[in-house]
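Number 196 in UniProt numbering belongs to position 196 of the sequence shown; there are no gaps in the numbering. Glycine included, each C-beta is placed from N, C-alpha and C at the ideal position.
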Amino acid sequence: MVQLRNVHLSFGDNAVLKSIDLEVRRGQAVSIIGPSGSGKSTILRCITGLLRPQAGEISVGGTRVDALRTEAELIALRKRVGFVFQQYNLFPHLTVLQNLVIAPTRVIGRSHAAAERDARVLLEKVRLAHKADAYPGELSGGQQQRVAIARALAMQPELILFDEVTSALDPETVGEVLTVIRELVREGLTCVLVTHEMRFAEEISDQVHFTEAGRIVEHGPVSQIFGQPRSERTRQFLQRAP
Ligand code: ADP
Ligand code: MG
C-alpha cells in the first residue's frame with residue numbers, strides 16, 4: 001500500500017530525511033516512534049504528497065507520489081489518504097454531522113442522503129452518535145479528535161496517517177481515542193501511526209520503525225523492537241519512554 005525507497009529530503013541545507021525505506025502492506029498498522037525532530041511528521045507529509053523529496057521513490061497504492069506534478073493529481077491522492085493530526089481542525093460553525101458530510105458530498109460527489117447515512121454509522125463507531133447535532137466547541141478534546149477520525153473515515157480512504165493524535169489531549173481522554181484507533185486496526189484499517197504512546201504502539205503495530213536524526217535506525221516487528229532491540233539507541237529511547 002505504501003512504499004518509500006531511499007527517500008532524501010532537505011529544507012535548505014538541513015537534511016531532514018536521509019535514505020528512508022518504509023513499507024506498509026494492506027491491513028497493516030505500522031508505527032513510527034522516535035525523538036522530536038527526527039523526521040516522523042515529514043515522512044507522513046511525503047506520503048500524502050504535501051512535501052516532495054529531493055530523491056527517492058514513494059508509492060501509495062500503485063501511484064508514484066514523487067512523480068505527481070499537477071494540483072489535480074495531488075488532490076486525487078489526498079482523497080485516498082486520510083490524515084489526522086494533533087490539532088483536530090474541525091469546522092467550528094458546522095455541527096458534528098455536517099463536519100462529516102461536507103467533504104464526501106463536495107469532494108467525492110456522495111449524495112447528501114448517502115453521506116449522512118455513512119456519517120451516522122461512523123459516529124456510532126466512534127461512540128458519538130449522541131453528539132451529531134453538537135458543535136465542535138461543545139465537545140471535549142477527546143471527543144473532537146474522535147470526530148476528526150470519523151471525518152477522515154468518511155472519505156473511505158485506502159489508508160490513514162495518524163500524527164500524534166493524542167499528544168494535545170488531557171490524560172483522561174487519551175484512552176477513548178486510542179480505543180477507537182484500536183478497534184479500527186482490528187477491523188483491518190491500513191494505517192501509519194506516529195505516537196509517543198509506546199504501550200499502544202506495542203499493542204497494535206505489525207511493524208515499528210524507530211527514527212533518529214532523519215534515519216530509520218531500526219525497524220521490525222513489535223517483538224523485536226520492544227523485546228530485543230538490535231540497536232543500542234532504540235534500547236535507550238525505550239528505557240526513557242514512560
Ligand atoms: P518529528 O515529527 O519527528 O518531531 P519533523 O518531521 O516535524 O520531526 O521535523 C524534522 C526536522 O525537520 C526538524 O529539524 C524540523 O525543524 C525540520 N522541519 C520540519 N518542517 C520544516 C519546514 N517546513 N521547514 C524547515 N524545516 C522543517
Ligand atoms: Mg511530528
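Pairwise C-alpha distance: residue j and residue i
{"i": "Pro92", "j": "Glu232", "result": "46 angstroms"}
{"i": "Ile58", "j": "Phe83", "result": "17 angstroms"}
{"i": "Gln54", "j": "Ser41", "result": "17 angstroms"}
{"i": "Asp170", "j": "Gly141", "result": "7 angstroms"}
{"i": "Val208", "j": "Thr234", "result": "11 angstroms"}
Opening and closing residue of the beta strand (DSSP E) in which residue i lies
{"i": "Thr211", "result": "Gln207 to Glu212"}
{"i": "Asn89", "result": "Unbroken run through Asn89: none, as it is neither H nor E."}
{"i": "Arg215", "result": "Arg215 to Gly220"}
{"i": "Val7", "result": "Val2 to Phe11"}
{"i": "Ala67", "result": "Segment: none, Ala67 is in no beta strand (DSSP E) and carries neither H nor E."}
{"i": "Phe226", "result": "No beta strand (DSSP E) holds Phe226; DSSP gives it neither H nor E."}
{"i": "Ala103", "result": "Not the beta strand (DSSP E): Ala103 falls in the alpha helix (DSSP H), residues Val96 to Val107."}
{"i": "Glu57", "result": "Ala55 to Val60"}
{"i": "Glu23", "result": "Asn14 to Val24"}
Where residue i falls, given that 16 or more other Cβ within 10 Å makes a residue buried
{"i": "Val192", "result": "buried"}
{"i": "Asn99", "result": "buried"}
{"i": "Phe237", "result": "buried"}
{"i": "Glu138", "result": "exposed"}
{"i": "Ile20", "result": "buried"}
{"i": "Asp118", "result": "buried"}
CB of residue i within 7 angstroms of CB of residue j, strictly
{"i": "Gly61", "j": "Arg5", "result": "no"}
{"i": "Val24", "j": "Val2", "result": "yes"}
{"i": "Ala152", "j": "Leu122", "result": "no"}
{"i": "Val185", "j": "Ile204", "result": "yes"}
{"i": "Tyr88", "j": "Gln145", "result": "yes"}
Range covered by the alpha helix (DSSP H) that runs through residue i
{"i": "Gly142", "result": "Gly141 to Ala154"}
Listed by chain order, which residues have C-beta atoms less than 5 angstroms from any heavy atom of ligand 1? A residue is listed when its beta-carbon falls short of 5 angstroms from at least one non-hydrogen atom of ligand 1; in chain order these are Phe11, Val16, Ser36, Gly37, Ser38, Gly39, Lys40, Ser41 and Thr42.
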